[in-house]
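Written out below as structure tokens is the structure these notes cover.
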Amino acid sequence: MALAVALLAVWCVGLFARNYWTPDEPREADIAWRMSWQHDKAVPLLAGEAFCEKPPLTYWAAALPIRAFGPEPWAARVPNLLYAILTALGVGALCRRALGMGASLVGAAVMSTFLLSYQVAIWLATDAPLLAADAIALLGLYRGFYATDRRERLKGYTLMHAALAAAFLCKSAAGWMVPALTLGLLIVWERRWRELLRIELYAGLLIQAVLIFSWVWFVYTGPEGLAHLKVFFWNNLVGRFTHVDAPAEVQYAAAHRNTPGKYLIEMPVYLFPWTLLVLAALRHAWKARLMSLAEARAPRFALAVTLPALLVLSLAATARNIYFAPALPGIALLVSWWALRGAQHDKWDLLALRATAVVLLVSVVVLLIAGAVIGIDAWSEMQAQGVFVALLLAGGAVAAGYAVGAWRSAADSFLMQRYLMISFLALLIGPLLAVYVEVNEWQDLPSIARAVAEDARSKPLTLLHPDETTRAMIDMYTRDAVPTVADAAQLPADSLALVQLPGRAPPRSAMIAKLLHAKPAQAPGLPGTLIREYQLPNGRRYALIDPKL
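This is the structure:
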């Protein structure tokens, strides 16, 4: 119960203590806000234009609290709390099924605290519901694949198909990748070719067909249905893995370019702070290759979840850290399997645990320094300096204390693991909350949008070459249906224009600006008379201009 409360506090800090942060969150918020009142629910809209990168399930869910409470960040992220809980429960149930009751808490806690899964859980995007759906799909796959009777097999595979339907409606066919590759590798690894002939494996396809084709039909019968379906299923799916013939605005292979070994190089960050424990688990998994199929079932399933996805993602044209998130349940299962083998832990396992304690101590120092720097920069604006300092020091003290306790508990690996988990949770609840509150000042885009609305209230407004964040910000907080132009020569003479200025605004504190080597932002030539400049400390800069003067 205490662990569940602590995880809930961690999620609430990340979900409800932040503004919409760039990149992506302002865009996703605008799409969800539009979905809360637009008539056609089949195609998401960004600033009134079709946005066919992702199917609409995520936006449907976020639109419900937005419709009730308005486009507030906390309201839009309410469904994310449900996704985080479902992910933890799905992985916990998977670990329990594979390893027994004792593994469920370990699996849920490890899964929820990987740095990458924490980022996915708190970020307003399609990846949080996708991760929850894939976790439940993997649970169903495990139940179905290792079932001992037809009824249990049917229940497992049906659960898998229901979850895969939700995954598809979150992120198209990419949501099928991890479970499908896992099933394929398990069949080959265990030479279970007969599994492909079982009717139970295919019965649940009817659920997917009904849900997915219903949505596809509504898109097809809507305005520009075929064009939208092409973007959904060709440009945004195939185009993520290779270059396709498409207009520049839907040429997705050009963005987030992949590089050789990117995922392996970044993997220690994805798995922070449990990277060394994952390496220890992999060492034991290598030894487990000599076990029978039944004895090594859990690590084999864990590797089947992780390795094929890693290979496919490494070969894709595009790469982002969040693409790897659906494979994290496999790593959580592997760590749970290793954690329960406490009696077989050796000096290398002890070294991994102690080194993790050192990593957490270093993290305490880094986060306290970061908090102090941010606090100094915002000191004159802060309304509750005492609370800020208390959060930093109290959370840091608890985290450091338990990290030291883990180091000293060398005789009990289970106690070390418990102390390490408490230490990291304390970091995520205390110091990180203080940092979030202050970074909000750098990301307060609604304040700019409302100022623009006041300054341009009596004239039309045009956006000059805006990015998605700017379009979303103006659409939600200034006025909707604002036209955009790509070139200053196209600006209407009777309209004011908003243009994003290059670079970032300097921090408030001159000392911090010097420490960060922040250069003064340059004032570029503007295609008109400057009416007002807007900027956020260490954040975005905009200018409102009158092109006819």
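In terms of the working numbering, the sequence shown opens at residue 207 and continues consecutively. The beta carbon of each residue, even a glycine, is placed where N, CA and C say it ideally should be.
Counting every other CB atom within 10 Å of its CB across the protein chains shown gives I471 a total below 16, marking it as exposed. Contact between L574 and P637 holds, with the beta-carbon distance rounding to 6 Å and staying under 8 Å. Annotation: L417 to L707 spans about 44 Å, alpha carbon to alpha carbon. Of the residues G346, T481, Y352 and S378, the one whose Cα lies closest to the Cα of A368 is G346. For V658, the closest C-alpha among the options D752, A281, L407 and F351 is that of D752. Taking 8 Å as the cut-off, the Cβ atoms of P479 and V511 do not count as close. DSSP places Q706 in the strand class (E or B) of the three-state scheme. When secondary structure is reduced to three states using DSSP, V691 falls in the strand class.
Only residues of its own chain outside the window of five on either side were considered, and among them Q649 have a CB closer than 6 Å to the CB of W227, listed in chain order. Comparing C-alpha distances from C218 to each of A281, E255 and A238 shows the shortest one belongs to A281. Look at the segment 558 to 627 and you find no whole run of beta strand (DSSP E) that is 3 residues long or longer. Taking 8 Å as the cut-off, the beta carbon of A327 is found closer than this to the beta carbon of Y289. Going by DSSP, E231 is part of no beta strand (DSSP E) but of the alpha helix (DSSP H) stretching over E231 to M241. Taken through DSSP and simplified to helix, strand or coil, D355 comes out as coil.
A253 sits in coil when the DSSP states are folded into three classes, being neither helix nor strand. Around the beta carbon of A373, a 10 Å sphere encloses 16 or more other beta carbons of the protein chains shown; the residue is thus reported as buried. Considering only A433, L634 and A341, the residue with the shortest C-alpha distance to L365 is A341. Using a Cβ-Cβ distance cut-off of 8 Å, the segment 388 to 408 and the segment 428 to 441 are not in contact, since fewer than three pairs of beta carbons, one from each stretch, lie closer than that value. In this structure, P689 keeps its C-beta atom at 8 Å or more from the C-beta atom of T675. One thing to note: A508 has its Cβ no nearer than 8 Å to the Cβ of W554.
Setting aside the 5 residues that flank it on each side, A563 is surrounded in the same chain by A609, A612, W613 and L626, each with a C-beta closer than 7 Å to its C-beta; the list follows chain order. When DSSP assignments are scanned along the segment 633 to 682, the uninterrupted stretches of alpha helix (DSSP H) that are 4 or more residues long and fall wholly within it turn out to be 637 to 645 and 651 to 661.
Residue pairing by DSSP places T735 opposite D752 in a beta bridge. DSSP places I328 inside the alpha helix (DSSP H), whose first and last residues are L321 to I328.
In chain order, Y265 and A269 place their CB closer than 6 Å to the CB of M241, counting only its own chain and leaving out the 5 sequence neighbours on each side.
Between G313 and A538, the C-beta spacing is below 8 Å.
Of all alpha-carbon atoms in P733, M622, A331 and A415, the one lying nearest the alpha-carbon of V691 is that of P733. Note on W329: 16 or more other CB atoms within 10 angstroms of its CB, so buried under the neighbour-count rule. For F320, the number of other beta carbons within 10 angstroms of its own is at least 16, and it is reported as buried. Apart from the 5 residues on each side of it in sequence, P385 sits with its Cβ closer than 7 Å to the Cβ of D340, A343, L344, L347, M366 and L370 in its chain, given in chain order. Under the rule that a run must span 4 or more residues, the alpha helix (DSSP H) segments found entirely inside the segment 381 to 455 read 383 to 396, 405 to 409, 411 to 427 and 431 to 436. A direct Cα-Cα distance of roughly 31 Å separates V579 from P277. When DSSP reads this structure, T512 sits in no beta bridge, so it has no partner. Counting along the chain, W544 sits inside the alpha helix (DSSP H) bounded by residues L534 to A545. In the three-state DSSP reduction, Q741 falls in the strand class (E or B). Per DSSP, K468 is one residue of the alpha helix (DSSP H) stretching across K468 to Y476.
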